[in-house]
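Residue numbers (my numbering), protein chains in the order written: chain Y, 1 to 208; chain V, 1001 to 1208.
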DNA sequence: CATCGCTATATCGAACCGATATAATCATCC
DNA sequence: GGATGATTATATCGGTTCGATATAGCGATG
């Protein structure tokens, strides 16, 4: 799940770990407050699998590009980038800011993860998929939305609404959750509608 | 988090693992679709720490009830309980249905977990706490609600609403999430209001 | 009576979280 | 100018949780 998120962000631009977390927090809704204890291991394993490469963003003065997008490494400095290797020695070396770039293999992996129908059960990974939906074909997009909707409708049916045996607090939680599901469904309805409209001719972007 | 949930359910009545999962799923809102890979280890560690005791509920054919409440260890049984030890041998022993009962230590632990102000950051554990709020003192209940509200308001402030730079899909997700937060806040408002009303004299149960 | 589906327990590896340590950079105030 | 604190940044550790899978008894249906 995190892998998909990271790859999706890296499709846009090169990033380092800290920045990835920020984007996940700000962009992709507040629910995803991912911990560093997840991000760095994820980056390591993505690197090991060849989906991304780490370019030591030690900032070598040059590289004026990095425009807006890539993490701003101030300016003139860089010289000591390599010293990191000797970090444990007395020499104070600049801790390297590792900037990650997605590879072709990574782009392919992202495509697979995004399209994979299974494992979209939880709200988090659905939201994530939807946030990256522009990378999907219109058809895949539509079926993503419809699968999700079907799932929620099913759950709605399973829960006998408003059991009176629960105490007021528990009942309130259950009710609030149920309301949330209903709200999600109508949200999906509007997305599905505008998606269909988009399919039938002119592009109309999703409402809301 | 799971520990609190399990203890809370066991306060009500004795249960076995499978039943715990069902209650978590049905009662405490659909969000908590907890896996067995979490429940059984949790039960084991609670047992090891002395918060619960397992009473081998062997079920020998009887037990037509399954009556609502306690896990139906119907009646006369016990005989083959010990056979479980030889499970790997040829003898087919009934796989024991382990029924767990909360201890005094467990009840105390539950009280501590429930009251502990920290670690209520995520929606799941907040909902869980609230669902068990009847075990809290009115004051603690109120401050639980207020802390949660403050947290959500803060998040609401931090997210610059509706950033236009996002593509429509991501924007829709962010917007929907933000709406959800607003909805949560007004839910909390109504809970807080009725809680205050309850404090000031007569008992009025929470609305909704 | 065979097979299917539900109840039930259990375990394994991988993912994920929260806390913590470490460091460099930057702002600010004295 | 230099102490102090906030922010940016990487990393690791222990423990919890998840998802998949294996096992097995039991009731119903055909």
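Built from N, CA and C at the ideal position, the CB exists for glycine as well.
Would a check of beta-carbon distances place residue i closer than 8 Å to chain V?
i, result
"residue 167 (chain Y)", "yes"
"residue 37 (chain Y)", "no"
"residue 118 (chain Y)", "no"
"residue 174 (chain Y)", "yes"
"residue 144 (chain Y)", "no"
"residue 180 (chain Y)", "yes"
"residue 130 (chain Y)", "yes"
"residue 127 (chain Y)", "yes"
In terms of alpha-carbon separation, which member of the options lies closest to residue i?
i, options, result
"residue 115 (chain Y)", "Y:27, Y:105, Y:143, Y:101", "Y:143"
"residue 1103 (chain V)", "V:1035, V:1051, V:1134", "V:1051"
"residue 1047 (chain V)", "V:1025, V:1175, V:1017", "V:1017"
"residue 1055 (chain V)", "V:1044, V:1099, V:1023", "V:1099"
"residue 176 (chain Y)", "V:1003, V:1154, V:1171, V:1187", "V:1187"
"residue 210 (chain Y)", "Y:132, Y:167, Y:97, Y:122", "Lying outside 1 to 208, the shown extent of chain Y, residue 210 (chain Y) is not represented and no answer is given."
"residue 185 (chain Y)", "Y:126, Y:34, Y:153", "Y:153"
"residue 138 (chain Y)", "Y:36, Y:21, Y:198", "Y:198"
"residue 1117 (chain V)", "V:1141, V:1021, V:1164", "V:1141"
"residue 157 (chain Y)", "V:1157, V:1013, V:1026, V:1021", "V:1026"
"residue 1045 (chain V)", "V:1136, V:1125, V:1007, V:1183", "V:1007"
Tell me residue i's beta-bridge partners as DSSP assigns them.
i, result
"residue 1055 (chain V)", "V:1099"
"residue 1016 (chain V)", "V:1099"
Do the CB positions of residue i and residue j come within less than 8 Å of each other?
i, j, result
"residue 110 (chain Y)", "residue 11 (chain Y)", "yes"
"residue 145 (chain Y)", "residue 195 (chain Y)", "yes"
"residue 1002 (chain V)", "residue 1038 (chain V)", "yes"
"residue 173 (chain Y)", "residue 1113 (chain V)", "no"
"residue 1053 (chain V)", "residue 1107 (chain V)", "no"
"residue 1128 (chain V)", "residue 1042 (chain V)", "no"
"residue 9 (chain Y)", "residue 15 (chain Y)", "yes"
"residue 159 (chain Y)", "residue 178 (chain Y)", "yes"
"residue 1192 (chain V)", "residue 1149 (chain V)", "yes"
"residue 1167 (chain V)", "residue 134 (chain Y)", "yes"
Can you find a CB in chain Y that lies within less than 8 Å of the CB of residue i?
i, result
"residue 1014 (chain V)", "no"
"residue 1111 (chain V)", "no"
"residue 1177 (chain V)", "yes"
"residue 1026 (chain V)", "yes"
"residue 1133 (chain V)", "yes"
"residue 1170 (chain V)", "yes"
"residue 1009 (chain V)", "no"
"residue 1029 (chain V)", "yes"
"residue 1001 (chain V)", "no"
"residue 1199 (chain V)", "no"
"residue 1191 (chain V)", "yes"
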